Amino acid sequence: MEKSNRKITLKVIIGYIILAVVAVTTTFLVFSEIKTFLNLKQDDVNDRNKVITIGNLIADIYENESFARAAIQTGSQSQFDLYVKKNELLNADIDSLKLKLDNTHQVQLLDSVKQLIGVKFENIKALKRIKEDDLSERSIESALKKINTIESSVGRLTIADFAEDPNSLTPEYRRSIEEYISILNKYRPKEKDQIKSEERLDSIVIAAREMLKQVKQDALTQKTNLSNKENSILKSDLNVSQSLRKLLFNLEHEIIEYSKKIKEERDLALDRSTRILSFSTIIGTLLIILFSFVILNDFWKSQKYRKELEKANAFTTSLLQSREQLISMVSHDLRTPLSTVTGYSDLLAKITTDTKSKHYIDRISKASKYMKNLVDDLLEFSKLERGKITIENIPFSLHPIIDEVVTSVKSVYPDKDIKLEVKHASNIEKPILGDPFRIRQILYNLVGNAYKFTDSGKITIETKTYKNLERQPMLQIRVIDTGIGIPKEKQSIIFEEFTQIEGENEKKYDGFGLGLTISNKLANLLGGDLSFTSEIQKGSTFMFTLPVVYSVKPVINTKPKKEIKATNLDVFVIDDDASLRQLLTDILQEQHLKVTAFETAKKALKAMKNTPFDLVITDIQLPKMNGFHFMETLKASTFYKNQPIIASTGRKDLKANVYKDSGFADIIFKPFSADDLVQTINKWIPNAKLKSNTNSTDTQVQTFKHFNLAPISTFLNGDIESLKDTLQLFLNETEVNLKTLENGINTKDLDVIHATSHKMLTMFKQLEINTVVPLLSYFDKLDNINDEAITTMFSTLKTQTQLTVLEMERFID
1 MEKSNRKITL KVIIGYIILA VVAVTTTFLV FSEIKTFLNL KQDDVNDRNK
51 VITIGNLIAD IYENESFARA AIQTGSQSQF DLYVKKNELL NADIDSLKLK
101 LDNTHQVQLL DSVKQLIGVK FENIKALKRI KEDDLSERSI ESALKKINTI
151 ESSVGRLTIA DFAEDPNSLT PEYRRSIEEY ISILNKYRPK EKDQIKSEER
201 LDSIVIAARE MLKQVKQDAL TQKTNLSNKE NSILKSDLNV SQSLRKLLFN
251 LEHEIIEYSK KIKEERDLAL DRSTRILSFS TIIGTLLIIL FSFVILNDFW
301 KSQKYRKELE KANAFTTSLL QSREQLISMV SHDLRTPLST VTGYSDLLAK
351 ITTDTKSKHY IDRISKASKY MKNLVDDLLE FSKLERGKIT IENIPFSLHP
401 IIDEVVTSVK SVYPDKDIKL EVKHASNIEK PILGDPFRIR QILYNLVGNA
451 YKFTDSGKIT IETKTYKNLE RQPMLQIRVI DTGIGIPKEK QSIIFEEFTQ
501 IEGENEKKYD GFGLGLTISN KLANLLGGDL SFTSEIQKGS TFMFTLPVVY
551 SVKPVINTKP KKEIKATNLD VFVIDDDASL RQLLTDILQE QHLKVTAFET
601 AKKALKAMKN TPFDLVITDI QLPKMNGFHF METLKASTFY KNQPIIASTG
651 RKDLKANVYK DSGFADIIFK PFSADDLVQT INKWIPNAKL KSNTNSTDTQ
701 VQTFKHFNLA PISTFLNGDI ESLKDTLQLF LNETEVNLKT LENGINTKDL
751 DVIHATSHKM LTMFKQLEIN TVVPLLSYFD KLDNINDEAI TTMFSTLKTQ
801 TQLTVLEMER FID
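Residue numbers (the UniProt record's numbering): 1 to 813.
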């Protein structure tokens with residue numbers, strides 16, 4: 001299962017790694033394409049800006065030409081200066097555009113444009129000069145007009161006298177008019193002096209006119225030449241403009257084409273990104289499907305293994321519960337006959353005088369005690385395994401405990417020649433806080449093992465205190481022996497359960513191999529540690545270490561309370577089991593005691609207010625108010641006068657000290673005999689002098705297959721009628737309890753199941769109905785209401801109970 005989980009985890013990790021690689025690769029590629037796309041987009045924006053700049057440049061060139069033409073046509077210097085300024089701005093724009101271009105050819109085109117604009121500027125300057133030269137012709141024309149005016153003033157006729165605008169005349173017509181005017185001026189009558197003056201003036205005018213005409217003719221010739229040059233310049237300017245437009249068009253076309261190319265590359269980048277994403281999505285989907293299938297396949301296998309493991313675990317749990325029930329049942333079944341064997345062997349030892357018989361009786365007694373110790377170890381181990389051990393924290397003295405353990409162990413091995421030495425530390429004479437019972441138990445195991453594995457030599461018990469690295473006071477008890485030692489191959493498993501050490505010649509020592517296991521677990525529960533060192537044939541040293549806290553309170557010596565003198569004692573009995581309540585009543589009434597019985601604690605408390613009582617016997621597990629609560633309530637009441645309160649319970653998970661420390665005078669564990677009850681009452685009320693029912697054991701009682709009447713027969717001194725009445729009451733209660741238990745199972749109410757099964761257990765144990773007791777114990781300890789075994793267990797419980805009821809009814813009838 002664990003290997004399968006590791007495989008699934010590895011596959012999941014590999015899947016995630018591959019998906020991560022695909023994701024990173026895809027992200028890198030898409031990021032690269034996006035970066036390319038953004039660069040292309042930026043280039044596209046730049047190209048658009050270039051196109052706009054070129055468009056603005058063309059517009060500026062046209063605008064500049066308009067300024068040039070206006071300057072030439074008007075001859076205005078201010079217009080020409082504006083043209084020059086615009087031309088400089090145009091060149092600056094071209095230089096600015098060149099900085100934006102990264103294409104050498106485009107830069108060369110702009111250089112050509114700039115050169116053509118320079119050529120155009122020179123042509124405009126030349127045209128301006130031509131226009132300025134054309135003004136001389138107008139000056140000559142003005143001079144001729146003034147000469148004509150002079151002619152008019154002296155009486156001579158001019159062409160102006162015949163035409164308002166001589167310049168608009170055709171050359172032939174003008175020539176004819178001039179010849180006609182010349183004839184008129186020649187033959188017009190004149191005075192003599194006037195004729196002389198006119199002749200002189202005429203000769204001057206004619207000479208001047210001829211000279212001016214010649215100058216005009218030259219000017220016309222020059223004008224023609226200038227016109228030709230202007231036409232040439234205009235033609236050149238036209239060519240420049242055309243070349244300029246062509247260059248700018250080519251430049252714009254190149255940039256537009258480049259923009260188209262960038263747009264295509266951008267579209268290609270988008271297509272590549274789309275293909276990469278699609279491809280990555282397909283790969284990712286296929287990988288997810290593949291690994292999902294692989295992982296689900298492993299998961300299904302894991303689920304299959306899990307179900308098999310759950311079945312195996314349920315079976316193991318069932319086996320463990322069966323083991324616990326078996327240990328509990330066997331230990332219970334062993335305790336009773338062992339107590340009987342021990343008791344009778346003690347009686348026989350007192351009345352036997354024969355040496356051989358005493359030897360046999362001694363063997364029987366030792367074997368019984370050995371069996372009792374084994375049963376105790378099994379029970380203790382079972383409690384430790386289930387975590388049912390509670391640790392006390394009360395003040396006690398360590399020295400008496402060690403001395404008591406030493407004395408007890410030495411009495412078990414009186415024939416062994418072993419020297420025992422105890423070395424007490426002086427600083428642990430004052431009381432310490434802890435659990436003396438568990439410490440005694442650990443020491444008994446350690447010292448007992450030292451004696452068991454040491455045939456001769458010495459055993460030393462040392463105590464000392466020290467502070468650990470955290471400066472916490474620690475107590476260490478060392479048990480050192482000179483025994484057989486522990487082989488190295490066994491040292492690593494010495495604290496495991498059922499581990500036994502073999503001596504020479506493979507000799508096995510007594511026991512289950514649970515002593516050190518129990519001691520180690522108890523040491524851990526006490527917050528301490530159990531360790532050892534050992535050398536074969538030289539001995540072992542066991543070190544029991546635990547934290548020590550010194551007590552400020554003195555050690556309390558538990559002694560019986562002050563005797564209560566009583567005659568005709570009034571006893572209150574509280575138990576929710578009617579049959580056991582009746583049985584207790586009969587036992588006490590046989591002792592001539594006045595008994596008042598109650599089903600619940602509340603009813604008892606109500607009656608106690610007005611009824612005097614000398615003794616209280618109460619069950620612990622009562623409905624609504626349990627025995628502890630009842631005891632506390634009673635002690636807090638005004639009518640309580642320190643009467644003894646004795647608890648009775650079938651629970652074995654709590655020690656007697658727990659009940660006594662809580663406030664009870666004493667505790668009787670169910671099932672108990674009439675003698676147990678009588679002795680407990682006599683212990684607290686010695687003057688009652690209740691008589692034991694020992695003689696009643698000789699009464700012959702009929703034997704039955706499913707139950708045993710001997711235990712309760714001794715309670716009733718062999719009174720058959722009282723016995724039948726008690727059994728009938730038991731049958732009636734059992735019928736009701738079975739229905740209640742079945743209802744609790746159907747409604748899955750654990751509280752009802754626990755309370756009912758616990759209530760039934762007392763009398764079933766008392767009657768030794770061993771076919772049913774383990775089943776009731778199962779329901780009493782049930783902690784999982786969904787346990788599949790519940791139905792089967794209850795069906796078996798009903799069947800076995802019915803068989804018991806039928807046999808019991810035959811006896812009653």
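Glycine residues also receive a C-beta, built at the ideal position from the N, C-alpha and C atoms.
None of the values given here were measured: they were computed from a predicted structure.
Checklist entry - In chain order, what residues of the same chain lie with their CB nearer than 7 angstroms to the CB of residue 602, ignoring the 5 residues before and after it? => result 624 and 625
Checklist entry - On the three-state DSSP scale, how would you describe residue 462? => result strand
Checklist entry - Out of curiosity, what's the CA-to-CA distance linking residue 490 and residue 536? => result 11 angstroms
Item to check | For residue 71 and residue 78, the rounded distance between their alpha carbons | outcome: 8 angstroms
Checklist entry - Would a C-beta distance cut-off of 8 angstroms place residue 250 and residue 99 closer than the cut-off? => result no
Checklist entry - Bridge partners of residue 817, per DSSP? => result As shown, the chain starts at 1 and ends at 813. That puts residue 817 outside it, with no answer to give.
Next on the checklist: Given a cut-off of 8 angstroms on the beta-carbon distance, is the pair residue 637 and residue 619 in contact?
Outcome noted: no
Checklist entry - DSSP state of residue 395, grouped into three classes? => result strand
Item to check | Minimum length 4: unbroken alpha helix (DSSP H) runs contained in the region 733–783 | outcome: 750–766 and 773–780
Checklist entry - Mind pulling the alpha helix (DSSP H) runs of 4 or more residues that sit fully within the UniProt domain "Response regulatory" (570–685)? => result 578–590, 601–608, 627–636, 656–662 and 674–684
Item to check | Residue from 424, 766 and 569 with nearest C-alpha to residue 686 | outcome: 569
Next on the checklist: When you compare the CB positions of residue 467 and residue 473, do they come within less than 8 angstroms of one another, or not?
Outcome noted: yes
Next on the checklist: Taking the straight line between their C-alpha atoms, what separation do you get for residue 628 and residue 643?
Outcome noted: 16 angstroms
Checklist entry - Going along the chain, which residues of its own chain have a beta-carbon closer than 6 angstroms to the beta-carbon of residue 53, five neighbours each way excluded? => result 97
Item to check | With 16 other Cβ atoms within 10 Å as the buried cut-off, status of residue 438 | outcome: buried
Next on the checklist: Can you tell me where the beta strand (DSSP E) holding residue 417 begins and where it ends?
Outcome noted: 417–423
Checklist entry - If residue 727 and residue 587 are in contact, beta carbons under 8 angstroms, what's the gap, nearest whole angstrom? => result No, residue 727 and residue 587 are not in contact; Cβ-Cβ is about 15 angstroms, not under 8 angstroms.
Next on the checklist: Check for me: the alpha helix (DSSP H) holding residue 437 runs from which residue to which?
Outcome noted: 436–452
Next on the checklist: Among 673, 645 and 453, whose alpha-carbon lies nearest the alpha-carbon of residue 834?
Outcome noted: The question about residue 834 has no answer here: the residues shown for the chain are numbered 1 through 813.
Checklist entry - Skipping 5 residues on each side, what residues in its chain have a beta carbon closer than 6 angstroms to that of residue 124? => result 68
Next on the checklist: Does residue 529 come out as helix, strand or coil in the three-state DSSP assignment?
Outcome noted: strand
Checklist entry - If we count the other Cβ atoms within 10 Å of its Cβ and call it buried at 16 or more, is residue 448 buried or exposed? => result buried
Next on the checklist: Quick check: what's the CA-CA separation for residue 639 versus residue 729?
Outcome noted: 33 angstroms
Item to check | Sub-8 angstroms separation of residue 610 and residue 519 beta-carbons | outcome: no
Checklist entry - Quick one: Cα of residue 434 to Cα of residue 391, how far? => result 8 angstroms
Next on the checklist: Taking 8 angstroms as the limit between beta carbons, can you name the residues of its chain near residue 807, skipping five residues before and five after?
Outcome noted: 704, 705, 706 and 707
Next on the checklist: What residue range does the alpha helix (DSSP H) around residue 811 cover?
Outcome noted: 789–812
Checklist entry - Quick one: any contact between the region 570–578 and the region 532–546, if contact means 3 or more CB pairs under 8 angstroms? => result no
Next on the checklist: Helix, strand or coil, according to DSSP, for residue 118 in the structure here?
Outcome noted: helix
Checklist entry - Under the three-state reduction of DSSP, which class applies to residue 505: helix, strand or coil? => result Caution is warranted here: a pLDDT of 43 is assigned to residue 505, below 50, making its placement in the model unreliable, and the coordinate value is therefore given only provisionally. The answer is helix: DSSP assigns residue 505 an H, G or I state.
Next on the checklist: Let me confirm a value: residue 563 is counted as buried when at least 16 other C-beta atoms fall within 10 Å, else exposed. Which label applies?
Outcome noted: Only weak support exists for where residue 563 lies, its pLDDT of 44 falling under 50; the value from the coordinates is given anyway. Looking at its Cβ environment, which holds fewer than 16 other Cβ atoms inside 10 Å, residue 563 is exposed.
Item to check | Expected contact under 8 angstroms - CB spacing of residue 775 and residue 797 to nearest Å | outcome: 4 angstroms
Next on the checklist: In this structure, how does DSSP classify residue 535 when only helix, strand and coil are distinguished?
Outcome noted: strand
Checklist entry - Cα-Cα, which of 470, 478, 423 and 430 is closest to residue 450? => result 478
Item to check | Where residue 820 sits in the DSSP three-state scheme | outcome: This structure cannot speak to residue 820, because the chain is shown only from 1 to 813.
Checklist entry - Closest by CA to residue 782, which one among 431, 267 and 755? => result 755
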